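Using UniProt numbering, the letters of the sequence shown map in sequence onto residues 1 to 450. Glycine included, every Cβ here is placed at the ideal spot set by N, Cα and C. These figures come from a predicted structure and were not determined experimentally. Working notes, beginning with the structure itself.
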Amino acid sequence: MAQNSKKKTIILSLDAEKAFDRVNWSFLLTVLGKFGFGESFIQWISTLYNKPKASVTTNKITSQSFTLQRGTRQGCPLSPLLFAIFVEPLAAAVRQNSVIKGIHSSISEHKINLYADDILLYLEEPQSSLEEVFNLINSFSKLSDYSINWTKSSILPLTKNSWNPAHQNPQHPSTTNTIKYLGLNISPNLNELIKLNHDPMLDKVTEDLRRWNNLPISLLGRIASVKMKILPKINYLFSMIPLKPPKQWFQRLDSTTTKFYTRNKKPKISLSTLQKNKDEGGLEAPNFMHYYLANQILYLTEWLNPKEYYNTWLEIEQLDCKHIKLSDLPFITATLKHHNCFKNPLIASTLTAWWKALDITNGQLKTSILSPIWHNPDFKNKKTPLYLKTWEESGITHLQDLFENDKIRSYNNLTQAFDINKSNFLQYLQVTETIKKTTPLDLTTLQPPD
């Protein structure tokens, strides 16, 4: 979205200086009160941070205790939550500041991402936006003791332009071609994400399994080792980067794990057999391709059952789909490959994974009662997808709306059920005949995949 914009756009990655150790308790308690936390809860927090003491042990020699002045407790499960509340006033100030310009879509503006002490700012018009961000953070620092290490912060340009922040202010963070966020290397070019993340991960997995190869571990132990030490790392990439690695990447990963299972000997049992369930004669070795597909299909749940809170990614994907709703995509056939939405690599990878999963489970990608009638590339009349605005507004949206008691509704039944104009018989014929060209209107053949 940013790359399609003509405006200069950057991502500013902020490196907080000793983030959890710089939490000002007085400021934190004030913020808790402003956010409406009860007096009793605030008193509990105040008790936790009432003159705490610590000591340092070096070479078995423990120093005298000293009183701590700020910071959250290490290892306390409450600390990350308190820090999130502590830094929220800064995030709110960024969102509400009209001088700081975020990335705009047709209906919203996105400025900031926060996860604990990892902060990303998405800025348009960076010359003015950056200066305002610096002023805002400096003001916040005076109140809260929060501090940014500007030498370790970085700027990732999302658009091609000649603007250099160092020319504007030498104290500005330097620009870079990639940034690291939540353990992922991020580039403005989506095509580089596999090279920047999956390839280095595969190299590390290969080296780890090579070092572990001579350890006295049984086959079951080796499979368990891969599940516990390798699979979570691979699964994290699958869940965070919705792009499919090339076939050769999966082949190399399977080859590497197979050599580990067999101690570099010729395998007596094929990998596909080891990956089967135990009741099928296998040992449930992880099938990395299936884990990839499972992670991709999770995005379908967001399409079908969007959360109540606002989701920027769904908005972006919906914009690419234009009139077709995201929730309808899984129920349209592979004709979607020619639709504009399939140019979005995230949508394309999710749908491709869905179709592959159907194939693996002997499902069938076909039109069903859940398929949309309007804007569906499966239903074209003179090369144009069907669309009748008055019918859509009356509630006729999917094939199931054309049926009652396992039979297709008559024209009179349809007009009565959805209160549409009775003079639209020709439209009724147009819709039903267009659908019949590709799909028999028989409820027994229109059941959706299990």
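Ranked by how close their Cα comes to the Cα of Leu253, the residues Glu284, Gly221, Lys266, Met201 have Met201 in first place. Leaving aside the five residues that flank Gly281 on each side, the residues in its chain whose CB is nearer than 8 Å to its CB run, in chain order, Thr273. In the three-state DSSP reduction, Asp15 falls in the strand class (E or B). Taking C-beta atoms under 8 Å as the contact rule, Ser154 and Ser174 qualify, at a distance of about 6 Å. In this structure, Trp355 sits away from Leu370, with a CB-CB distance that is not shorter than 9 Å. If you look at Pro345, you'll find it in the alpha helix (DSSP H) that goes 345–360. For Ser270, there is no enclosing beta strand (DSSP E), as DSSP marks it with neither H nor E. Excluding five sequence positions before and after Asp320, the CB atoms of its chain that fall closer than 6 Å to its own CB belong to Cys341, Asn344, given in chain order.
Contact between the segment 370–381 and the segment 390–409 is present: 3 or more CB-CB pairs across the two stretches fall below 8 Å.
A residue is called buried once 16 or more other Cβ atoms fall within 10 Å of its Cβ, and Ile223 is buried on that count. Annotated three-state conformation of Ser144 is helix, per DSSP. By the Cβ test, the segment 31–42 is not in contact with the segment 92–110, since fewer than three Cβ pairs between them sit closer than 8 Å.
With the rule of 3 Cβ pairs closer than 8 Å, the segment 346–361 does not count as touching the segment 406–417. Among the bridge pairs identified by DSSP, Leu314 is matched with none. A contact between stretches requires three or more CB pairs, one per stretch, nearer than 8 Å, and the segment 258–275 fails this requirement with the segment 322–342.
Looking from the CA of Ala92, the closest CA among Asn113, Phe418, Ser106 belongs to Asn113. Apart from the 5 residues on each side of it in sequence, Val205 sits with its Cβ closer than 6 Å to the Cβ of Ile230 in its chain, given in chain order.
Bridge pairing for Pro157: Ile10 [DSSP].
Here Ala294 carries a helix assignment [DSSP, helix/strand/coil]. Residues Gly71 of the same chain have their beta carbon placed closer than 6 Å to that of Asp21, with the five preceding and five following residues left out of the count.
Glu284 and Thr9 have their C-alpha atoms spaced approximately 47 Å apart.
Under the three-state reduction of DSSP output, Ile435 falls in the helix class.
About 5 Å separates the CB atoms of Thr178 and Asn185; that is less than 8 Å, so the two are in contact. Excluding its 5 nearest sequence neighbours in each direction, Gly221 has no C-beta neighbour in its own chain below 8 Å.
Inside the segment 16–46, DSSP marks whole alpha helix (DSSP H) runs of 4 or more residues at positions 25–34, from first to last along the chain. Judged by DSSP secondary structure, Leu121 falls within the beta strand (DSSP E) whose first and last residues are 118–124.
Only buried fits Ser368, as 16 or more other CB atoms lie within 10 angstroms of its CB. In the three-state reduction of the DSSP assignment, Glu88 falls in the helix class, which pools H, G and I.
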